[in-house]
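Peer 1:
In the UniProt record's numbering, the protein residues as written are 1 to 727.
1) Assess, as a yes-or-no matter, whether the stretch 319 to 337 is touched by the stretch 350 to 357 under the definition of 3 or more beta carbon pairs within less than 8 Å.
2) Give the secondary structure of residue 344 by DSSP, where H, G and I count as helix, E and B as strand, and everything else as coil.
3) Using C-beta distances below 7 Å, list every residue in its chain close to residue 182, excluding the 5 sequence neighbours before and after it, in chain order.
4) Got a sec? Which residues, its chain only, sit under 6 Å from residue 17 by beta carbon, not counting five neighbours each side?
5) Kindly confirm or deny that the stretch 200 to 213 and the stretch 271 to 286 touch, where touching means at least three C-beta pairs closer than 8 Å.
6) Report the start-end ranges of each alpha helix (DSSP H) in the stretch 193 to 244 that is 4 residues or longer and not cut off at the edges.
7) Under 8 Å: do the stretch 661 to 668 and the stretch 689 to 704 share three or more Cβ pairs, one atom per stretch?
8) For the pair the stretch 304 to 317 and the stretch 700 to 720, tell me if three or more CB-CB distances fall below 8 Å.
9) Sort 126, 392 and 200 by Cα distance to residue 165 and report the nearest one.
10) Are three or more beta carbon pairs between the stretch 385 to 392 and the stretch 593 to 600 nearer than 8 Å?
11) Short check: CB of residue 378 to CB of residue 92, under 8 Å?
12) Once you ignore the five residues that flank residue 522 on each side, which residues in its own chain have a CB closer than 6 Å to its CB?
13) Quick check: what's the CA-CA separation for residue 722 versus residue 635?
14) Is it buried or exposed, residue 29, if we count other Cβ atoms within 10 angstroms and call 16 or more buried?
15) Measure the alpha-carbon distance for residue 7 versus residue 36 and round it to whole angstroms.
16) Between the C-alpha atoms of residue 503 and residue 558, what's the straight-line distance to the nearest angstrom?
17) How is residue 56 classed by DSSP in three states: helix, strand or coil?
18) One question on the structure: do residue 674 and residue 684 come within less than 8 Å of each other, judged by their Cβ atoms?
19) Look up residue 451 in the DSSP assignment and say whether it is helix, strand or coil.
20) Check whether the stretch 423 to 431 and the stretch 529 to 541 are in contact - that is, three or more C-beta pairs closer than 8 Å.
21) In angstroms with no decimal places, state the Cα-to-Cα distance between residue 178 and residue 281.
22) For the stretch 201 to 208 against the stretch 146 to 166, do three or more pairs of beta-carbon atoms, one drawn from each stretch, fall closer than 8 Å, so that the two count as touching?
23) Out of 460, 69, 172 and 260, which one is the CA nearest neighbour of residue 490?
24) With DSSP run on the structure shown, which of helix, strand or coil describes residue 160?
25) Does residue 599 pass the burial test, meaning 16 or more other C-beta atoms within 10 Å, or should it be called exposed?
26) Would you tell me roughly how many angstroms separate the C-alpha atoms of residue 615 and residue 104, rounded to the nearest one?
27) Output the boundary residues of the beta strand (DSSP E) element that contains residue 551.
28) Once DSSP output is grouped into helix, strand and coil, what is the label at residue 64?
29) Leaving aside the five residues before and after residue 562 along the sequence, list all residues of the same chain whose C-beta is less than 8 Å from its C-beta, in chain order.
30) Rounded to whole angstroms, what is the Cα-Cα separation between residue 345 and residue 360?
31) If I measure Cβ to Cβ from residue 351 and keep anything under 6 Å in the same chain, skipping five residues before and after, which residues do I get?
32) Do three or more CB pairs link the stretch 294 to 308 to the stretch 66 to 81 at distances below 8 Å?
33) Ends of the beta strand (DSSP E) at residue 10?
34) Can you name the start and end residues of the beta strand (DSSP E) that residue 720 belongs to?
35) Output needed for residue 343: all residues of its chain with C-beta closer than 8 Å, excluding positions within five of it in sequence on either side, in chain order.
36) Just curious, the alpha helix (DSSP H) that residue 753 is in, first and last residue?
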């Protein structure tokens, strides 16, 4: 609470640093602040932006308080958002200041955008009329204000023509408010014709929005069933109620195609929010979201921390995707936090996926979520016919990785002038390079990981810390020339094999480390959709939401890849990924085929995918989770201890284990070396805490950290509530 006195007031201010509580600052006489005001305050020798927070101020000698320097001319952060920041901090065991830091990522947006100098037509006429002047006057009819360059461009004349008319008083200077970053969406722009099951699902989502209270809907539809069009109906309903909408997407690469689909439905694009956005545009989007000018935002997980003025709906597309989990500084799952934000703000949330997470399926079964099922593709397009290729019976040729069965179908697909997709979730050329003579393996000097060869770039790269080096001609251990051998396939090696078999085919490799970054990736995706490639080889990027009209064959090169990593979610992740990637085929109704190269054709995941019996897979996976008391029937948390030396990390981890309080419903496993035991030069040990669903996991960990050894030297401790990765 902000306290007043005859001389000075004091206010709690949350600053963007690892602070466990707000700091108290003096409010100078004449300055007005309210909870949520964004202010500039001194912090040590620096000036930082902070947020005036809720709660009582500390009792501090007023003479010792440093004053707030400035109150930004910016809409205050509303109470719901402040509660959300506190909730995320408490749940994830993160300092509230670090959560607030995610809210304050556009500092230039705290001041209003400057107005723009423009021109407006007066009643005066020019001294003489020319064709160019006539075009300018026709364009400027209606009394609208124009920028100088905008009017010149629209009229097709040079700026000197505009200057001449202004000099004669035909135009006068006016100030124009900042342009909106996107036009307002029109909910009636292109109302779609929905199939009966889509209509049923859309009706449920519209009813949820109309209720104006918190509820969660799981939109569970097979690939190509038109889930996007269905949740667009919920978006339209929220917009018609005067609410803002947030649509979360798992990958930046998806954003461009999604923007086009949104524009086709609503006549305007939504605002974008992701790491690839230029800083100036980020600032404008942040400001206009806070002022209510941007009505819909499509963005990555960080968009959850935008300061919406009147948020009334969140949609989480591909809700199962692991990309929603942030594992840096503040560890949080954007899908789960979206549900929390909806609950705090009392508005609906939609989760959409063709392969929902086990957690969401259980929530639907137990009645916490409403579930709408789309069991058929749009316009009755057939799902691809799926087959397992038993690699024990149909092995590839020596030195190859593609089965003769897959190669034959690729040949037939080429003859029909249709597209093939080969999926392998490994970047680069090969995951390991070794010396044939002495057996030396190329490893990362600061991580316990092998260097991945990227032959297109001639480099060996660590995919964990980014270390890279040139691929040498000779072995650095024994000095032997030309005896380095690549072991195992990556997408580049599969591309090499494809070119050898089909030299005349147009081949594209899609991977997140593509030279040219996101921009080139988007161009490549457009080229594929336009039929400018015959064979596409890609990593998991190709599995996510893309629509390739002429793609009729999908081959999964190593379908077993995700099943042997010891992750409790390995079966679920493999099922989701393979279902999504095979779903790229036949989306426009053409007969299509998905082939899964596997050494385990009888594995329950392979059987579920090939049979198309997703319900059997979920039933089995849910039963196994329940037996093992794993999420969502139990709780997990990881505590990762890292240090420059192994002894420091292990000693601190053991100290934490000894400090764990006694609890009947929680127990600690470990410490043990993390599977990735050395990362970026830091040794890592993990503690895994498992407990019952209603156990006080956060209280248990707080007590363990408070009673355990203090962090000294190079030791760092990270807490991961509800871990998604176990590396």
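In this text, a Cβ means the ideal position worked out from N, Cα and C, and glycines have one as well.
Computed from a predicted structure; not experimentally measured.
Peer 2: This is what the structure gives:
1) Verdict: yes, contact present.
2) Three-state result, residue 344: helix.
3) So the qualifying residues of the chain are 268, 269, 270, 271 and 294.
4) Taken in chain order, the residues that qualify are 97.
5) Touching, no.
6) With a minimum length of 4 residues, the continuous alpha helix (DSSP H) runs that stay inside the stretch 193 to 244 are 196 to 211 and 227 to 240.
7) Touching, per the Cβ criterion.
8) When Cβ pairs closer than 8 Å are counted between the two stretches, the stretch 304 to 317 is seen not to touch the stretch 700 to 720, the count staying below three.
9) Of 126, 392 and 200, the residue nearest in Cα terms is 126.
10) Output reads yes: the stretch 593 to 600 touches the stretch 385 to 392.
11) No, the pair does not count as a contact, with Cβ atoms beyond the cut-off.
12) Beyond the five residues adjoining it in sequence on each side, residue 522 comes within less than 6 Å, by CB distance, of 256 in the same chain, given in chain order.
13) Going from the Cα of residue 722 to the Cα of residue 635 covers about 7 Å.
14) It is exposed - the Cβ of residue 29 has fewer than 16 other Cβ atoms within 10 Å.
15) Bear in mind that a pLDDT of 41 at residue 7, under 50, signals an unreliable position, so the number given afterwards is only what the model happens to contain. The C-alpha of residue 7 lies about 23 Å from the C-alpha of residue 36.
16) Their backbone Cα atoms lie some 23 Å apart in a straight line.
17) Three-state result, residue 56: coil.
18) In this structure, residue 674 places its C-beta atom within 8 Å of the C-beta atom of residue 684.
19) The answer is coil: DSSP assigns residue 451 none of H, G, I, E or B.
20) The stretch 423 to 431, when compared against the stretch 529 to 541, does touch it at the 8 Å Cβ threshold.
21) Taking the straight line from one Cα to the other gives about 13 Å.
22) The stretch 201 to 208, when compared against the stretch 146 to 166, does not touch it at the 8 Å Cβ threshold.
23) With distances taken between Cα atoms, residue 490 lies closest to 460.
24) In this structure, residue 160 counts as helix in the three-state DSSP scheme.
25) Per the 10 Å Cβ criterion, exposed.
26) Their backbone Cα atoms lie some 43 Å apart in a straight line.
27) Its beta strand (DSSP E) spans residues 551 to 556.
28) In the structure shown, residue 64 sits in a helix (DSSP, three-state: H, G or I).
29) Within its own chain, the residues whose Cβ lies closer than 8 Å to the Cβ of residue 562, once the five positions on either side in sequence are excluded, are 425, 570, 573, 574 and 577, listed in chain order.
30) Looking at the backbone, the Cα of residue 345 and that of residue 360 are separated by about 21 Å.
31) In chain order, 218, 316, 319 and 360 place their CB closer than 6 Å to the CB of residue 351, counting only its own chain and leaving out the 5 sequence neighbours on each side.
32) Flag = yes, the stretch 294 to 308 and the stretch 66 to 81 touch.
33) Element bounds for residue 10: 9 to 14.
34) It spans 716 to 721 - the beta strand (DSSP E) in which residue 720 sits, taken as one unbroken run.
35) Hits under 8 Å: 214.
36) Summary: the structure shown does not reach residue 753, with the chain confined to residues 1 through 727, and so no result is reported for it.
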